[in-house]
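Notes to accompany the following structure.
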Amino acid sequence: MDIALVIVGFLSLLAGGELLVRGATQLARLFGMSPLLIGLTVVACGTSAPELAASLSAAFQGVPEVALGNVLGSNTANVGLILGIAALIRPVGATPGLFRRELPLMIFVVALPIALYWNGYQGRIESAALLLLLGSYLSVLIREARRNRNGGIELDGIEDLPPPAPLWMALLTAVAGGLVLAGGAWMLVRGAVNIAAALGVPDRVIGLTLVALGTSLPELAASAVAAYRGHSAMVLGNVIGSNIFNVLAILGATGLVKPLVVDPVASQGDELVAVGFTLLLLPFLAIFKEVGRLPGLLLVFLYGCYVFFLFGGRFGAA
């Protein structure tokens, strides 16, 4: 039964990723929004819904290590696995404005848990501050979208598409894709966690790997489809937006509902790993202006080494 859940969940994620990218692309054309902006908002928020559901569920079930591990593991997987695989499909180029705000902001946000969990506790005040930061960031993006609506924005890689669908159809496609993604992720995570629990894998490792990988598969599906279609700006927007959303929205909402208490020493290493993978993007994007296939292969290899270390070094740990 658990294996069947994993298989059906994976297939649902692929279908949902296709629907979400199609709907998001149509919205980009209808509203004059760049694919980077669509990736930072619609796609990133939609594909991060499984992480939010999983972390809230983990907090309510009394396993905060899984809630935090899910966010840290997802952020690491977004760069190491998802961006790496997308770059293997097609090199992912950087847009000129990426270094002015989005990339520095992602590095800052991904590093926030290091300061947030220095004492192993995230209360409601800290959680509300995270949500306030998210609201401020989204308001800036919305203002930009309105300002650029009639600005003749060049939509990277989607100029050759057929005329855009009606607004209701584009919204319906994007929402349907997000729902299919969420349902597929739920099935996949449930099956994977049951299998892992039967094998005796600790909660922390489950959160960092199986839950994080399962809830990150929507980002993988959406980014892989976007890369295949040549929407490199949407790929970067999805990865950056998801990492920002994971910390600000998921940790913010989870801690606001139920304060999180974790072992600060145990979580520090994984927080540094998430920051380290994020910093790896700087030389690739600054020097080569893209994440090519060779850097993509390196990212996937390093991520594989990290997962191997988790199971090899912590399997059976408390």
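Per the working numbering, the very first residue in the sequence shown carries number 64; after that it's consecutive.
Idealized CB from N, CA, C, for every residue including glycine.
These numbers come from a predicted model, not from an experiment.
Classification of ASP223 by the beta-carbon crowding that lies within 10 angstroms, buried from 16 upward: Only weak support exists for where ASP223 lies, its pLDDT of 45 falling under 50; the coordinates are left without a value.
Rounded separation between THR278 and LEU314 - CA only: Rounded to whole angstroms, THR278 to LEU314 spans 15 Å at the Cα level.
Exposed unless 16 or more other CB atoms sit within 10 angstroms - verdict on TYR291: Exposed: under 16 other Cβ atoms inside 10 Å.
One or two residues paired with GLN185 in a DSSP bridge: For GLN185, which the question treats as bridged, DSSP gives the partners LEU323.
Whether SER118 touches ALA130 by CB criterion (7 Å): Going by C-beta atoms, SER118 is nearer than 7 Å to ALA130.
Coarse secondary structure for VAL354, derived from DSSP in three states: Strand.
Selected residue, minimal CA-CA separation from ASN133, among GLY198, ALA248, MET169: Looking at the Cα atoms, ALA248 is the closest of the given residues.
Secondary structure of TYR369, DSSP reduced to three states: In the structure shown, TYR369 sits in a helix (DSSP, three-state: H, G or I).
Cut-off 8 Å between Cβ atoms - residues of its own chain near PHE171, not counting five sequence neighbours on either side: Taking C-beta separations shorter than 8 Å and ignoring five residues to either side along the sequence, PHE171 has no partners in its chain.
Assigned exposure category for GLY214 - 16 Cβ within 10 Å defines buried: Low local confidence applies: a pLDDT of 47 at GLY214 is under 50, so the model's placement there is unreliable, with the coordinate-based value given in what follows. GLY214 comes out exposed.
For LEU194, the nearest candidate out of ALA316, LEU271, ALA140, SER137 (CA to CA): Looking at ALA316, LEU271, ALA140, SER137, the one whose alpha-carbon comes closest to that of LEU194 is ALA316.
7 Å Cβ cutoff met for GLU353 and GLY156: Their beta carbons are under 7 Å apart, which means GLU353 touches GLY156 by this criterion.
7 Å Cβ cutoff met for GLY183 and VAL325: Going by C-beta atoms, GLY183 is nearer than 7 Å to VAL325.
Secondary structure of VAL155, DSSP reduced to three states: The DSSP-derived three-state label of VAL155 is strand.
For GLY241 and LEU365, the rounded distance between their alpha carbons: Going from the Cα of LEU365 to the Cα of GLY241 covers about 29 Å.
Span separating the alpha-carbon of SER305 from that of GLY355: Going from the Cα of SER305 to the Cα of GLY355 covers about 21 Å.
Residue span of the alpha helix (DSSP H) that contains GLN89, given as start and end: 65-94 is the span of the alpha helix (DSSP H), which, as asked, contains GLN89.
Nearest-angstrom Cα separation, counted from VAL310 out to VAL264: Each residue's alpha carbon lies about 25 Å from the other.
SER202 in three-state terms, based on DSSP: SER202 falls in the helix class under three-state DSSP.
Within 7 Å, strictly: CB atoms of VAL252 and VAL274: Yes, the Cβ-Cβ distance between VAL252 and VAL274 is below 7 Å.
CA-to-CA distance, GLY86 to LEU235, given in whole angstroms: So the alpha carbons of these two residues sit roughly 8 Å apart.
Cut-off 6 Å between Cβ atoms - residues of its own chain near VAL71, not counting five sequence neighbours on either side: So the list reads MET250, once near-sequence residues are dropped.
Straight-line Cα distance separating VAL69 from ALA239: So the alpha carbons of these two residues sit roughly 20 Å apart.
Coarse secondary structure for PHE374, derived from DSSP in three states: In this structure, PHE374 counts as helix in the three-state DSSP scheme.
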